[in-house]
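Novice:
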Amino acid sequence: MIECIINMKYKFLCLCWSMLLPLTAAAQNNIIKAGDDGKSWNITTHSSGYHLEVTGNGELGTACYGNKLNLEKSGGIVAPEVQVRGGNATNTPMLEVVFPDGVREVELEYKSFEITETEGYPTLKIIQSDKFYPMEVSSCIRVLPEYDMIEKWVEVINTGKKGSIKIENLQSGSIFLPKDAYELTHYSGIWGYEFTPQTAKLTQGIKTIQVKNFKSYGTSTFLVRPEGENDKYSGKVWFGSLLYSGNWRVDFDRDFAGTVQIVGGMNFWDQEVYLKPQQKITTPHLLFGYTEQGVEGVTTNLTSYVKEKLSPASHRNKLRPVLYNSWYATTFNVNEAQQLALAKTAKEIGVEMFVIDDGWFKGRVNDKAGLGDWTADKNKFPNGLKPMIEKINAMGLDFGLWVEPEMVNPNSDLYRAHPDWVFYFPNRSRIEGRNQLMLNLAREDVYQYLYKYLHDLLKENNIKYIKWDMNKALTNPGFPSAPTDEQRAVRIKYMENFYRLVETLRQEFPDVWFENCSSGGGRIDLAMMSHFDFNWASDNTDPVDRIFIQDSYLTLFPANTMISWVTQEDWHKMNPSLEYKFDVCMSGVLGIGYDITQWNEDQKKIASEKIAQYKAIREIIMNGDVYRIVSPYEENRSIIQYVDKSKRKAEIFAYNLAEYPNNARENLKRSPLIRLRGLLPDVRYKIDDFNAPFSGKYLMEVGITLPLRGAYKSKIYSISAVE
Ligand code: DGJ
C-alpha cells in the first residue's frame with residue numbers, strides 16, 4: 106500500500122492494520138521482551154522464539170527463528186533484519202532502492218522501537234533510517250502466540266522534502282533457519298489440479314515460488330522441514346504464507362554453509378514504486394510459523410487462525426448454508442422459468458441458498474459477450490431479476506448471484522464506450538483470455554463504475570450471496586495515461602482498489618456472503634480469506650480428483666471456507682455413486698450443481714437424506730478441528746477426521762479410491778488400522794458400525810480398521826462419547 110503519510114486516503118486497505126494501541130505491561134513481558142538497554146528483543150510464542158538486537162555497527166540484526174529455547178543463548182546474529190542491496194550483502198535483498206542522486210546502496214542504522222497492540226496482538230515496531238538519505242524503514246512484527254506464528258511487514262517512508270526514492274524491490278520480511286539440510290514443500294497447480302504438493306531439497310542457491318500474472322492455482326504457503334523428517338504429528342516445521350492476492354514471490358536462499366533464508370512479499374518483477382516526499386509504502390503481511398508437531402501442527406495453527414481471527418468477522422461464526430448453483434445445469438442459457446424449477450427442487454431436497462451463476466446479464470449468450478454490462482438481460486429476464494428473486498425467497502430460499510467485476514468482453518457496451526479502461530500498451534496486442542480483457546481497476550473511474558453497479562445490484566435486489574469470479578490472468582499491464590513514475594506501480598494500486606471495493610460492499614451490505622472464485626482455485630490466499638467467506642477450490646468436481654485437491658486445501662485452509670458441489674462430472678469415467686459424490690462434498694461447505702429437475706425420485710431421496718445428514722454434522726465440520734488421518738497421496742484412500750471442540754463428538758470421512766485394501770498389493774504393505782486424533786484418552790466412545798465402545802486412548806494409540814470395502818466406496822462414521 107502506498108499512502109501519503111499526511112493524508113491517508115483509504116481506510117479499508119487490508120494491508121494496513123490500523124488501531125495501534127498501547128499494550129499492557131504484562132503482555133509485553135510475556136510475549137515481546139525488550140532488553141534493559143532498549144537494543145535487544147526476545148519474542149516468544151507457545152513453542153517458538155525469535156531474537157533481534159542492534160549489532161556493533163548500529164544496524165538491527167536477526168538471529169535464527171525456531172525453538173524458544175534458543176533464546177536462552179541470546180545473540181547468534183546471522184544477518185541484518187532488513188537485508189538491503191548495499192555493502193557486502195550476499196543475502197537475497199528485501200530492500201533495493203535508488204536515491205534521487207543515483208546512489209543504489211542502503212545503509213541502515215537503528216533509531217527507536219515501540220511495542221503496541223494491533224487487533225488484539227502485541228506488535229513490535231523497530232525503526233531504522235538510512236545513515237545519510239531521508240528514508241525511514243520500520244520492521245513490524247505482530248505476535249500470535251497461541252498459533253505459534255509471527256506476522257511481519259515493513260513500512261518505508263520518504264522523510265525528505267524533495268526528490269523521490271525509487272523502490273525497485275521491497276519484501277515483507279524474512280527469517281533465517283539454523284544450519285541444516287532441509288526440504289521444502291509447497292503447493293502449486295494448474296486449472297483443474299489445484300494445490301498439488303511438491304517437495305524439493307533445498308540445495309545451495311535459490312528456490313523461488315512466485316506468481317507474475319495475478320493467477321495462482323497454488324499458494325504462497327510453504328513448509329520447510331529438516332531433510333528426512335516426515336512424521337505427520339511431530340518434528341520441526343517452519344512454515345509461512347503471504348497475505349496478498351496480487352503478484353507474490355517467496356525465495357528460499359541456502360548459502361554454502363547451510364543457513365537458509367526465507368524471504369517473501371510482493372513480486373517486484375516489472376514493478377517499481379517512486380516514493381515521493383512524505384509518502385509511505387506498507388508491504389503486505391507475511392506470516393511465519395514454527396511448530397514441532399509436524400504438518401498437523403501447521404494445519405492446526407493456520408486453520409485455527411483463519412477461522413478464529415482472520416475470516417470476515419460478520420460471518421465468522423455463522424453456519425454456512427447448503428447451496429445450489431445452477432452453472433453445471435444451465436451454463437449461459439438461464440431464464441426465469443427454468444431457474445424457478447431448479448429452485449423448487451432445490452428447496453424440496455433441503456437446499457438453503459440458491460445461486461445463479463454466469464449468463465444472467467445483458468448480452469451474455471456465451472462467453473464472448475456481456476462482461477461489464479451488469480444489468481439483467483431483457484431477453485432472459487424480461488421483468489428483471491426482482492420478481493424471480495421474490496418467488497425464490499417465497500419458497501424459503503435465499504438468493505445469490507455470480508459476477509466477474511474485474512473483467513470486460515470487447516463485445517460489451519462498457520468496452521465500446523471505454524476501450525481505454527482496460528490494461529493495455531499502445532502498439533501492442535490486447536491479449537484476451539476466454540474472450541475477455543482485464544479492467545484497469547487502478548483507475549478511479551473504473552473503481553467508481555464497478556462500485557455503482559455492484560452497489561445498485563445489491564441495493565435493488567434481495568441478494569444474500571455474491572460469487573465473485575476472475576477468469577483471466579493479467580496481461581499487458583499498461584496504464585498509458587498514468588504519470589510515467591506511477592506506471593509500474595499499477596498492480597499495487599489495482600490490489601488496493603480491489604480490496605477496497607470488496608470491503609466497501611461488505612460494510613454496506615453486511616448480511617451478504619461473498620465467495621471467491623477464479624476459474625476454480627486461481628486466487629486463493631490468506632488475504633482473500635480475510636475478505637471472502639468461501640473459496641471455490643477447483644472447477645474439477647470429479648470426486649476422485651477432488652479428494653486430492655481437498656486433502657491439500659484442508660492442510661492449509663479451514664473446512665468452512667471450502668465449497669464443493671455435487672455434479673454430474675466424471676472425468677475418469679469411474680461412474681461414482683451419488684452417495685460417494687455427496688460424501689466428498691460434505692467435508693467442506695456442501696453445494697449441489699446437477700440439473701436436479703432431471704433427477705428421479707431415488708436420486709432426490711438420496712440427496713435429501715445426505716443433506717439432512719450434513720445439516721446434522723455440519724457444526725462439527727465447520728467449527729471443529731480437522732485431522733488428516735490418511736492422505737490420498739500416501740495410500741489408496743483418504744480419511745479425514747473432524748473433532749468437535751468439546752472432543753466428545755467426531756466424524757470420520759472415509760473414501761476408498763481404487764481397490765482397497767485386501768486385493769491391492771501395494772496396500773498390503775501398510776496396516777489397515779487407522780489411529781484417530783484429538784479425542785479424550787479416558788473417555789469411551791461409540792462408533793457407527795462397531796458394537797463395543799472404545800476408549801479414546803485405544804482409538805488414538807492402537808487404532809481400528811474401518812469396515813469399508815470396495816473401490817470408490819465411502820462412509821461418514823459418527824463418533825460420540827458414551828455418557
Ligand atoms: C469459472 C468458475 O470457476 C465456474 O464455477 C463458473 O462460475 C464459470 N467461471 C462461469 O463462467
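Residue 702 in this note's numbering sits at position 597 of the sequence shown, and the numbers go up by one each step. Ideal placement from N, C-alpha and C gives every residue a C-beta, glycine not left out.
Helix, strand or coil: which one does DSSP assign to Asp206?
Specialist: coil
Novice: If we count the other Cβ atoms within 10 Å of its Cβ and call it buried at 16 or more, is Pro812 buried or exposed?
Specialist: Burial call: exposed.
Novice: Below 6 Å CB to CB, which residues in the same chain sit around Lys449 once its five sequence neighbours on both sides are set aside?
Specialist: none
Novice: Give the DSSP bridge partners of Cys245, in chain order.
Specialist: Lys230, Trp258
Novice: If we count Cβ pairs, one from each stretch, closer than 8 Å, do we get three or more for the stretch 219-230 versus the stretch 172-186?
Specialist: In short, these stretches do not touch, since the Cβ pair count stays below three.
Novice: Among Gly808, Phe204, Ser776, Glu164, whose alpha-carbon lies nearest the alpha-carbon of Ser234?
Specialist: For the residues Gly808, Phe204, Ser776, Glu164, the minimum Cα distance to Ser234 belongs to Glu164.
Novice: Where Arg605 and Gln398 are concerned, what is the direct C-alpha to C-alpha distance, given to the nearest angstrom?
Specialist: For Arg605 and Gln398, the distance between alpha carbons rounds to 37 Å.
Novice: When you compare the stretch 294-304 with the stretch 636-655, are there three or more beta-carbon pairs, one atom per stretch, that lie closer than 8 Å?
Specialist: yes
Novice: Below 8 Å, how does it come out for the stretch 156-163 and the stretch 340-351: are there three or more Cβ pairs, yes or no?
Specialist: no
Novice: Can you tell me whether DSSP reads Trp670 as helix, strand or coil?
Specialist: strand
Novice: Looking at the structure shown, is His156 part of a helix, part of a strand, or coil, going by DSSP?
Specialist: strand
Novice: Going straight from the alpha carbon of Met199 to that of Asp360, what length do you get?
Specialist: 16 Å
Novice: Measure how close the beta-carbons of Asn263 and Gln383 come, nearest whole angstrom, since I'm counting them as under 8 Å.
Specialist: 7 Å
Novice: Counting by C-beta, which residues lie closer than 6 Å to a heavy atom of the ligand DGJ, in chain order?
Specialist: Trp432, Asp462, Asp463, Trp507, Asp574, Asn576, Cys622, Ser624, Gly625, Trp641, Asp644
Novice: Can you tell me whether Gly801 is helix, strand or coil according to DSSP?
Specialist: The answer is helix: DSSP assigns Gly801 an H, G or I state.
Novice: May I ask you to verify whether the stretch 686-697 touches the stretch 659-671, counting CB pairs closer than 8 Å and requiring at least 3?
Specialist: yes
Novice: Where does Ser657 fall in DSSP's three states?
Specialist: helix
Novice: Out of Pro737, Lys709, Lys284, Thr308, which one is the CA nearest neighbour of Ile654?
Specialist: Pro737
Novice: Cα separation between Ile280 and Thr396?
Specialist: 15 Å
Novice: Residues in the same chain with beta-carbon distance under 7 Å from Asp285, minus the five sequence neighbours each way, listed in chain order, please.
Specialist: Pro331, Gly363
Novice: Just to confirm the assignment, what range does the beta strand (DSSP E) spanning Asp356 have?
Specialist: Its beta strand (DSSP E) spans residues 353-359.
Novice: What are the start and end residues of the alpha helix (DSSP H) that includes Ile597?
Specialist: 595-613
Novice: To test your reading of the DSSP string, which unbroken alpha helix (DSSP H) runs of 4 or more residues are found completely within the stretch 412-449?
Specialist: 432-435
Novice: Among Ile571, Pro786, Asn514, which one has its Cα closest to the Cα of Phe459?
Specialist: Ile571
Novice: Among the candidates Lys802, Asp550, Gly294, whose CA atom is the shortest distance from the CA of Ala826?
Specialist: For Ala826, the closest alpha carbon among the candidates Lys802, Asp550, Gly294 is that of Lys802.
Novice: Can you tell me whether Thr589 is buried or exposed? The criterion is at least 16 other CB atoms within 10 Å of its CB, across all chains shown.
Specialist: Under this definition Thr589 is an exposed residue.
Novice: In the DSSP assignment, find the unbroken alpha helix (DSSP H) run with Met727 in it and report its ends.
Specialist: 706-728
Novice: Between Asp462 and Asn484, how many whole angstroms is the CB-CB distance? I'm expecting something under 8 Å.
Specialist: The pair is not a contact, with the Cβ atoms about 18 Å apart (cut-off 8 Å).
Novice: Per DSSP, what kind of secondary structure is Pro786 in: helix, strand or coil?
Specialist: Looking at Pro786 - three-state DSSP - the assignment turns out to be coil, as it is neither helix nor strand.
Novice: Could you give the DSSP three-state label for Glu288: helix, strand or coil?
Specialist: strand
Novice: Does Tyr379 come out as helix, strand or coil in the three-state DSSP assignment?
Specialist: strand
Novice: Cβ of Ile809 within 7 Å of Cβ of Phe758?
Specialist: no
Novice: Where does Leu813 sit, in a helix, a strand or coil, going by DSSP?
Specialist: coil
Novice: Ends of the beta strand (DSSP E) at Gln746?
Specialist: Counting along the chain, the beta strand (DSSP E) containing Gln746 begins and ends at 742-748.
Novice: State yes or no: is the C-beta of Thr436 within less than 7 Å of the C-beta of Met106?
Specialist: no
Novice: Evaluate Leu380 with the Cβ neighbour count: other Cβ atoms within 10 Å of its Cβ, from every protein chain shown; 16 or more gives buried, anything less gives exposed.
Specialist: buried
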